[in-house]
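Structure first, commentary second.
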Amino acid sequence: MKYLLETRNLSVQYGEIVALKGLSLQVGPGEAVALVGANGAGKTTLIKSIIGLLKLSGGELLFDGHDVRAVPAYHRARRGIGYSPEGRRVFPGLSVRENLEVASFATGQETCRLIDRMYAIFPALKQKERALGWTLSGGQQQMLAVCRALMSQPRLLLLDEPSLGLSPKLTDEVLWRIPEIAKSGTAVVLAEQNLTEALEVTSRAYVLRVGSIVLEGPSQELRSNPSVRNSFLGGL
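Residues in the sequence shown are numbered consecutively from 4, following my numbering.
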């Protein structure tokens, strides 16, 4: 199988602190994969390393079979990696539609088509099309952040803690769109502390603890593995 994303013995270090060590994972085209683990496990560090916001201290990072370690973040985006960071970070002074327009690499007509697709994924955004970003609820801002990342038509979408600060209802509204996104052909890497939801909306998962992968496998199998829940309590 040809992987869309592959890391081999990837390591990241902040000064004397090793944040990721010897981490190897694979993501296939159109696959939804979860990165789960307690706060500080290394999920965000891994996501930022993939998009190019952090420099690797060791290992390899391959996207579509090509080594992208020396490729800047904006070129990785052009090559097909979308990124929705933790904390939403929408443009507060722009309307919902303007937030989407500025994220598109496409022509005007194609951008309009893409925006319609985003509204089909999250109909609540269509109702708020003219509203400024700062006036949206937390859930609506997260929907907008996900759609903005999708406007570049990525082959791989990186989602960093999209349920953070959301109510259970809004968490469902956001996370349960992930299978639909993957089914359309865009692979998804979901970094989440919400263990139950993350394993329900993905096909495979990696469990991280202190910068290392301690378990991996089909999400359905990991849901019933008591060691997975123990990892969130430091039991592994």
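Idealized CB from N, CA, C, for every residue including glycine.
Bridge pairing for Y122: absent [DSSP].
In terms of Cβ geometry, G45 and L23 form a close pair [threshold 8 angstroms].
When rounded, the separation of the alpha-carbon atoms in S227 and L161 is 26 angstroms.
Note on the segment 124-188: whole alpha helix (DSSP H) runs with a minimum of 4 residues are 126-130, 141-153, 171-178, 181-186, in chain order. The three-state secondary structure of V192, taken from DSSP, is strand. For G61, same chain residues with a beta-carbon under 6 angstroms away, outside a window of 5 residues either side, are S14 in chain order. Non-local beta-carbon contacts of E183 in its own chain, meaning distances under 8 angstroms to residues more than five positions away in sequence, involve I124 in chain order. Taking W179 as reference, the option from L49, A35, L211 with the minimal CA-CA separation is A35.
Boundaries of the beta strand (DSSP E) around N12: 8-17. Leaving aside the five residues that flank A185 on each side, the residues in its chain whose CB is nearer than 7 angstroms to its CB run, in chain order, G33, E34, A35, V191. E200 sits buried, since 16 or more C-beta atoms from the chains shown fall within 10 Å of its C-beta. Annotation for K131: V99, L139, Q143 place their beta carbon closer than 7 angstroms to its own, counting only its chain and skipping 5 residues before and after. In this structure, T174 sits away from L193, with a CB-CB distance that is not shorter than 8 angstroms. Contact between S155 and F94 fails: their C-beta atoms lie close to 15 angstroms from each other, not under 8 angstroms. Pairing L159 with L7 gives a Cβ-Cβ distance under 8 angstroms. Of the residues assessed, Q223 falls on the exposed side of the cut-off, its CB having fewer than 16 other CB atoms within 10 angstroms.
DSSP places A208 inside the beta strand (DSSP E), whose first and last residues are 207-212. Annotated three-state conformation of E219 is strand, per DSSP.
Counting only the Cα atoms, V149 lies some 10 angstroms from I181.
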